[in-house]
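Novice: Mind looking over this structure? Questions follow.
Numbering (my numbering), first residue to last: 107 to 402.
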């Protein structure tokens, strides 16, 4: 009989992730990948245990392993969906803005056929590079047939990442299978007699120095992540304030009908356009707005 997937608890369904949580969890996963703890469908059991402890200590939470696995499944689905999107010839990746970009008419046509792709027209993916480290090798592996088949299915109906019970069950099965496999291998290669060696003081000293070094490195990484998050919040608040000023200036202009005003509001969402708009004055500003809106 097949395994029954574990239903998520009400607490798991209500859990809302924020950018700081995502960044820290992804960084923990990248660290485990670099340490060789990743396996075909996720991470080794001890890696999940380590990440749960670190995450809960960092944010004073009480999340369990399954909740972190659910987020892993979300990241994996989003990575595959966006990768398929930017592999289309009309689309490309904007490394500066961390978004998928294409001409407006390309987006319009594509969204008509794939309305689920609409969020990625404006959604920023600041962790895209890290997700490539976590999932890139598995997607570009020698098992190409399975990947292409999956890619074809998604192209037929691009959807935002949704965690299914099958995804969660596969992660649970992988955990148990990996653990039992390691135990079997340990039994197979176990010699008739074991030779126990007491650790020397030199080895203990080296291990202690290594642990302290890792703790210091992780602390510095956490501080850097928090600084980046605070900086992004400040930048976002500043951008919203500038846009508000532009809209106020736009409302005070004469010679703009309602249709032109709406198009101008959309056009001013671009930071470069907003800078030009605030720099120009009088008739030149009005002429520039009309010219820019004609291209929308």
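Heads up, the beta-carbon is just placed ideally off N, CA and C, and yes, glycines get one too.
(1) From the DSSP output, which residues share a beta bridge with residue 148?
(2) Classify residue 395 as helix, strand or coil using the three-state DSSP reduction.
(3) Alpha carbon to alpha carbon, how far is residue 322 from residue 345?
(4) Helix or strand or just coil, what does DSSP make of residue 198?
(5) Within the chosen definition, does the region 165-173 reach the region 184-200 through at least 3 CB pairs nearer than 8 angstroms?
(6) Could you give the C-beta distance for residue 153 and residue 160, rounded to a whole number, given that I count them as a contact under 8 angstroms?
(7) With DSSP collapsed to three states, give me the class of residue 375.
(8) Name the DSSP beta bridge partners of residue 207, please?
(9) My understanding is that residue 196 touches residue 206, with C-beta atoms under 8 angstroms, so please give their C-beta distance in whole angstroms.
(10) Straight-line CA distance for residue 139 to residue 124?
(11) Starting from residue 124, trace the alpha helix (DSSP H) both ways and give me its first and last residue.
(12) Please report how far the alpha carbon of residue 349 lies from the alpha carbon of residue 382, in whole angstroms.
(13) Measuring straight from C-alpha to C-alpha, what distance separates residue 238 and residue 128?
(14) Could you check if residue 388 is buried or exposed, using at least 16 other CB atoms within 10 Å of its CB as the buried criterion?
(15) In three-state DSSP terms, what is residue 222?
(16) Grouping DSSP H, G and I as helix and E and B as strand, with all else coil, what is residue 178?
(17) Would you call residue 173 buried or exposed, if buried means 16 or more other Cβ atoms sit within 10 Å of its Cβ?
(18) What's the call for residue 235, buried or exposed, on a 16-neighbour Cβ count within 10 Å?
Specialist: The answer reads as follows:
(1) 145
(2) helix
(3) 35 angstroms
(4) strand
(5) no
(6) With a Cβ gap of about 11 angstroms, residue 153 and residue 160 do not count as contacting.
(7) coil
(8) 198
(9) That belief does not hold up - the Cβ atoms of residue 196 and residue 206 are roughly 11 angstroms apart, past 8 angstroms.
(10) 23 angstroms
(11) Note, residue 124: premise wrong, no alpha helix (DSSP H); not H, not E.
(12) 12 angstroms
(13) 15 angstroms
(14) exposed
(15) helix
(16) helix
(17) buried
(18) exposed
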